[in-house]
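Visitor: Numbering (my numbering), first residue to last: 2 to 197. We put the CB at the ideal spot given by N, CA and C, even for glycine. Nothing here was measured: the structure is a model prediction, and the numbers come from that model. The following block contains the structure, expressed as structure tokens.
So this is what it looks like as structure tokens:
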């Protein structure tokens, strides 16, 4: 490493790599353009190696203008049939000259495929990218369900009591009337409730 001012960024790069093991982290020393890569962690994302040049960095980050905060984030490129999402921190010295870059690369190929699958499954929805947890028209299977098994039993017991009281009040207690009551409850799923 020719530029010692980049030394402090090595520990930051290592921290990012340990925190996000699927992210490739690359530190560039731009005082050595032909061999700018001075640190690589998790290099399997793009195949980066120490001693390589900064071709993707030049294409996207350096020519992106002069962002005030030095961050060029969320640009995409393809490498070895992988869709890579990248963000770079442009490192400047006290004279505001570009001396290095800290880049994070993530393979988004699988995430992109999952997104396409989800969009296909949601095709025709009012808003294909809607957050289903916020969707007002989404059916919630818990809306009409009793909160506890005990309340289900109570509901079934109340329904049976109500039918028996109605049968007793009418004065009809023939075998046929009782069978009709049982058929009525069976048609409404009363006997499907566990423990009824």
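What residue does the beta strand (DSSP E) around residue 93 start on, and which one ends it?
Guide: Here the beta strand (DSSP E) through residue 93 covers 83-93.
Visitor: Would you kindly work out how many angstroms separate the C-alpha atoms of residue 112 and residue 165, rounded to a whole number?
Guide: Straight-line Cα distance between these residues: approximately 58 Å.
Visitor: Apply the 10 Å Cβ neighbour rule to residue 93 and answer buried if 16 or more other Cβ atoms are within range, or exposed otherwise.
Guide: It counts as exposed.
Visitor: Take every Cβ of the region 70-87, pair it with every Cβ of the region 3-19, and state whether three or more of those distances are shorter than 8 Å.
Guide: Because the criterion of three Cβ pairs below 8 Å is not met, the region 70-87 and the region 3-19 do not touch.
Visitor: Give the straight-line distance between the Cα atoms of residue 99 and residue 46, rounded to the nearest whole angstrom.
Guide: Roughly 25 Å separates the two Cα atoms.
Visitor: Starting from the C-beta of residue 54, find all residues in its chain whose C-beta is less than 8 Å away, skip the five residues before and the five after it, and write them out in chain order.
Guide: Correct list, in chain order: 34, 35, 36, 37, 38.
Visitor: Taking the C-alpha atoms as reference points, what is the distance between residue 81 and residue 123?
Guide: Distance between the alpha carbons of residue 81 and residue 123 is about 30 Å.
Visitor: Give me the residue from 32, 78, 178 with the minimum Cα distance to residue 107.
Guide: When each option's Cα is compared against that of residue 107, the closest is 78.
Visitor: Mapping DSSP to helix, strand and coil, what is residue 43?
Guide: In the structure shown, residue 43 sits in coil (DSSP, three-state: anything other than H, G, I, E or B).
Visitor: Can you have a look at residue 56 and say buried or exposed, based on whether 16 or more other CB atoms are within 10 angstroms of its CB?
Guide: Burial call: exposed.
Visitor: By DSSP, does residue 121 sit in helix, in strand, or in coil?
Guide: Reduced to three states, the DSSP call for residue 121 is helix.
Visitor: Quick one: give me the first and last residue of the alpha helix (DSSP H) that residue 181 is part of.
Guide: First-last of the alpha helix (DSSP H) with residue 181: 176-188.
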